[in-house]
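Protein sequence lines, in the order shown, are assigned to chains A and B. The letter at position 221 of the first sequence is residue 223 when you use my numbering, and the numbering goes up by one with no holes. The letter at position 14 of the second sequence is residue -6 when you use my numbering, and the numbering goes up by one with no holes. Note that beta-carbon positions come from the ideal geometry of N, C-alpha and C, so glycine has one too. For clarity, every value in this text was computed on a predicted model and none was experimentally measured. Below is one structure, written out as structure tokens; the observations come after it.
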Amino acid sequence: MRFEWTVAVRFLREGGLQTLMIIAGAAAGISVIVFMTGFLGDLQADLIRRTLGVQANIIVRPAEEVARPLREGRDALPQVQARVQRLRSVDQWQALRQRLENTPGIRAVSPIAAGPGLMTRGDTNKSVNVTGMVPELYAAVTRFNEKIVAGEYRLSPGDTIIGTDLARDLGVGVGDKVRLSTPTSPGDAYQIRAIYDLGQRTHNRAFAYVSLPTAQALLDLPGGISSLELAVDDLFGADRLAQQLQETTPHEVESWMRANPQLRTALGNQTIMTLLIRFFLALVVAIGVASVLVVSVVQKTREIGILRAMGASRARILRVFLLQGALIGLVGAALGCIGGYTLTAVMSQFVRAEDGTQLFAAQWSGTLYLFTLIGASVLGLAAAIMPARRAARLDPAQAIRI
Amino acid sequence: MSAVIELAGIRKTYNEGTAIANEVLHGIGFAIQPGEFACLIGPSGSGKSTLLNLIGLLEKPSGGSYRLNGKAIQEADDNTRTRARLETLGFVFQFHHLLPAFSALENVMLPGLMLHGEITREVRATAIRLLTAVGLADAMHKPPNQLSGGMQQRVAIARALALTPQLVLADEPTGNLDTHSADEVFALMRDINKTQGTAFLIVTHDPRLAARCDRVVEMRDGTIVADAPQAV
């Protein structure tokens, strides 16, 4: 292969500007591919976090109660009435929680007791979702602590945390007292410990957080919880994990993808679109490499003829041109990786969320670059097949006469 | 001693089997012994270059037999013919045909690189010795485009000799040179023939050069019309 390497490298060097241009073109295409591949995951994860608000990645709740006719057949009643779904506790939730905490892929588990309630101040009533939780665990699952805009993130008995819009509706602030009641409890006065902002008005009106024991008392769920909320390591693998869990528990296990099919579709479309763009960029790079090599074969017809006359076999000429393609791909990819990293670093400064945080950050990803280098080399090699075969097929007697 | 090449009844037809079929060689019989210094003369279109390409295994004959070192090679596949070119034949063309991307020395080392897969110390030493022999010791690191026509042709001769071939095929090697350079190049080939015993077959238009060969083969309209040894 030394002969092939030597000749391939010399041919490329001899190509001068032509070689530089195609390498620059390949590098430009590949840097955009690297850029898109690198930031897409970050961008989607950010979008999901923002859209889901405090929704957990996976929720485990009691299975729905289904009315089952006791007898079937001709003499059975023709009509089955759907059952009302009562607020029930997750059966054996302490044991389940331990098991989930030890399951690989699950980052955090947070028990939740939630039900309908009414928040009252003066003669104003606002319906709320009374949500009982353990602050540290809930923060681990939903990063709720980052959403607190006033007060401190702590829940003693008699404390409540509400959203900015609800606070405005009720005209209250941190330290003020409100009355919180539920259908099963006449309620009591609670002090507002903190105010959160999830960035969505409906969410900011919806929840009244209290400590877990408080909620259990308010909702008549002594020692029970209405759901377990989970955070997973792999956001996009949540559905798979949920299905695995579903098989081992009698409860209903729902991933964020199931709960938000429209978001999942949007993300899926985005993924397909970027996949398409990357595919066509790769195709353009490949066509560029192929066309430059086709021209190079024509330019080097005489040289190829001389090499053949001197005793270079067809296979050797073929390899000389395949190598040129692979080398263009490799060098283009190396520059493309640097370009992609730079592009990400620059763009992350400009593309920001409304609150000023970066949507993605430039990360040095060894695997991405390794795959890019290998992929681009193979791509260049594949692009060179047609020109290389053309070079190998040249008739030396005719080639020399040119 | 057996002949390096032995042709019998060689025919060559272009566009065989079509309406424009054109037979350019009509049964050539001809042999070259080791150490011979022969030239091939004849008017344009007489088939000299085609014959040289056939002998050089760049083209296949349409009929007849061709033995290279006693072995029939007229039907051999491309790889065998390529290998035979590398190991037994050397080429010198009219338009020098050096590879412009390589220096003079590298051009001469290329056949060695092809044969051994690497540039051995021996390959390098041989190349330097050959370039010194052709009087280019000082210019061997220059690229071809910095060498004069005569110098380029001397590099091409050194390259043809790199793997000590049995036969060097030269197609008008001096056709593109001024008289002085032509004489130099011719004298060089003559000298190599004498000292190393390499056989030469030279196609030429130049009667002055033809007169200085041991044997003159004359072609006309695809056949050999005269083939005689001559005293120099």
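Practice item. Output, in chain order, the set of chain B residues within a Cβ distance shorter than 8 Å of A:Ser298. Key: Neighbours of A:Ser298 on chain B: none; closest Cβ ~12 Å, over 8 Å.
**Study point:** Contact list for A:Arg391 against chain B, beta-carbon separation under 7 Å
**Key:** None at all; the shortest Cβ gap to chain B is about 14 Å.
**Study point:** Residue-chain proximity (A:Arg4, chain B), Cβ-Cβ < 8 Å
**Key:** Answer yes: the Cβ-Cβ gap between A:Arg4 and chain B drops below 8 Å somewhere.
Review point. When you check each C-beta in the segment 28 to 42 of chain B against every C-beta of chain E, which residues fall closer than 8 Å?
Key: No chain E is present in this structure, whose protein chains are A and B.
Exercise for review: Let me know if A:Ala26 comes out buried or exposed under the rule of 16 or more other beta-carbons within 10 Å of its beta-carbon.
Suggested key: So A:Ala26 ends up on the exposed side.
Review point. In three-state DSSP terms, what is A:Gly31?
Key: DSSP places A:Gly31 in the helix class (H, G or I) of the three-state scheme.
Check your understanding: Using 8 Å as the limit for Cβ to Cβ distance, is A:Met23 near chain B?
Key -> Output row for A:Met23: interface = no.
Exercise for review: Return the residues of the segment 60 to 84 of chain B that lie within a Cβ-Cβ distance of less than 9 Å from chain A, sorted by chain order.
Suggested key: Along the segment 60 to 84 of chain B, the positions whose C-beta sits under 9 Å from a C-beta of chain A are Thr62, Arg63, Ala64, Arg65, Leu66, Glu67, Leu69, Gly70, Phe71, Phe73, Phe75, His77, Leu78, Leu79, Pro80, Ala81, Phe82, read in chain order.
Practice item. Could you pull out every residue in the same chain whose Cβ sits closer than 8 Å to the Cβ of B:Ser(-18), ignoring the five residues on either side in sequence? Key: Same-chain partners within the cutoff: Asn49, Gly50.
**Study point:** Whole runs of the alpha helix (DSSP H) within the segment 33 to 73 of chain B, excluding any shorter than 4 residues
**Key:** Taking only runs of at least 4 residues, the alpha helix (DSSP H) segments lying wholly in the segment 33 to 73 of chain B are 58 to 68.
Practice item. Flag A:Arg316 as yes if its beta-carbon sits less than 8 Å from any beta-carbon of chain B, otherwise no. Key: Answer yes: the Cβ-Cβ gap between A:Arg316 and chain B drops below 8 Å somewhere.
Check your understanding: Going along chain B in order, which residues have a C-beta closer than 8 Å to the C-beta of A:Phe13?
Key -> Against chain B, the beta carbon of A:Phe13 has neighbours under 8 Å at Ala81, listed in chain order.
Point to revise | Within chain B, partners of A:Pro106 - CB distance below 9 Å | key: Within chain B, no residue has its beta carbon less than 9 Å from that of A:Pro106; the closest one is some 51 Å off.
Check your understanding: If you measure beta-carbon to beta-carbon, which residues of the segment 89 to 108 of chain B are closer than 7 Å to chain A?
Key -> Those residues of the segment 89 to 108 of chain B that come within reach of chain A (Cβ to Cβ, closer than 7 Å) are Leu90, Pro91, Leu93, Met94, Gly97, Glu98.
Review point. Do we get a CB-CB distance below 8 Å when we pair A:Glu249 with the residues of chain B?
Key: False, the Cβ-Cβ gap to chain B never drops below 8 Å.
Check your understanding: Quick one, are the C-beta atoms of A:Leu22 and A:Gln326 less than 8 Å apart?
Key -> No, Cβ-Cβ distance for A:Leu22 and A:Gln326 is not below 8 Å.
Practice item. May I ask you to verify whether the segment 209 to 217 of chain A touches the segment 145 to 163 of chain A, counting CB pairs closer than 8 Å and requiring at least 3? Key: Judged by Cβ distances under 8 Å, the segment 209 to 217 of chain A makes contact with the segment 145 to 163 of chain A, as three or more pairs qualify.
Review point. What does A:Gly119 pair with, by DSSP beta-bridge criteria?
Key: Partner(s): A:Val130.
Review point. DSSP on B:Phe17, reduced to helix/strand/coil?
Key: If DSSP states are grouped into helix, strand and coil, B:Phe17 belongs with the strands.
Review point. Can you find a CB in chain B that lies within less than 8 Å of the CB of A:Gly313?
Key: It does; some Cβ of chain B falls within 8 Å.
Review point. Exposed or buried, what is A:Met3 when buried is set at 16 or more other beta-carbons lying within 10 Å of its beta-carbon?
Key: Classified as exposed, A:Met3 has fewer than 16 neighbouring CB atoms from the shown chains inside 10 Å of its CB.
**Study point:** Reference A:Val174; option with closest CA among A:Arg156, A:Asp190, A:Ala152, A:Pro188
**Key:** Here the closest residue by C-alpha is A:Ala152.
**Study point:** A:Ser298 classed as buried or exposed, judged by whether at least 16 other C-beta atoms fall within 10 angstroms
**Key:** Of the residues assessed, A:Ser298 falls on the buried side of the cut-off, its CB having 16 or more other CB atoms within 10 angstroms.
**Study point:** A:Met135 in three-state terms, based on DSSP
**Key:** In the three-state DSSP reduction, A:Met135 falls in the strand class (E or B).
Check your understanding: What whole-angstrom Cβ distance do A:Ala394 and A:Leu320 have, given they're in contact under 8 Å?
Key -> The pair is a contact, with the Cβ atoms about 4 Å apart (cut-off 8 Å).
Exercise for review: Could you spell out where the alpha helix (DSSP H) holding B:Ala136 opens and where it closes?
Suggested key: Here the alpha helix (DSSP H) through B:Ala136 covers 129 to 140.
Check your understanding: Name the residues in the segment 44 to 59 of chain B whose C-beta lies less than 7 Å from a C-beta of chain A; which are they?
Key -> So the close ones are Asp58, Asn59.
**Study point:** A:Gly307, DSSP secondary structure in three states
**Key:** DSSP places A:Gly307 within a helical segment (H, G or I) once states are collapsed to three.
**Study point:** Interface flag, A:Ala399 vs chain B, CB-CB below 8 Å
**Key:** True, the Cβ-Cβ gap to chain B drops below 8 Å.
Practice item. May I ask you to list the residues that DSSP assigns as paired with A:Tyr211? Key: DSSP, once it has assigned bridges, lists A:Thr133, A:Ile163 as partnering A:Tyr211.
Exercise for review: Anything in the segment 354 to 377 of chain A with a Cβ closer than 9 Å to a Cβ of chain B? List those residues in chain order, please.
Suggested key: In summary, no residue of the segment 354 to 377 of chain A has a CB separated from any CB of chain B by less than 9 Å.
**Study point:** Distance cut-off 7 Å: A:Leu325 Cβ against heavy atoms of the ligand PLP
**Key:** Of ligands this structure carries none, so the ligand PLP is not represented either.
Check your understanding: Any idea if A:Asn206 is buried or exposed, counting beta-carbon neighbours within 10 angstroms, 16 or more meaning buried?
Key -> Result: buried.
**Study point:** Inter-stretch contact at 8 Å, needing at least 3 Cβ pairs: the segment 75 to 89 of chain B / the segment 184 to 191 of chain B
**Key:** Taking a cut-off of 8 Å for Cβ pairs, the segment 75 to 89 of chain B and the segment 184 to 191 of chain B do not touch, as fewer than three such pairs fall below it.
Review point. With distances taken between CB atoms, is the gap from A:Glu103 to A:Gln87 smaller than 8 Å?
Key: Using a Cβ distance threshold of 8 Å, A:Glu103 and A:Gln87 do not count as a contacting pair.
Point to revise | Where the alpha helix (DSSP H) through B:Lys(-8) begins and ends | key: Per DSSP, B:Lys(-8) belongs to no alpha helix (DSSP H); it is in the beta strand (DSSP E), -15 to -6.
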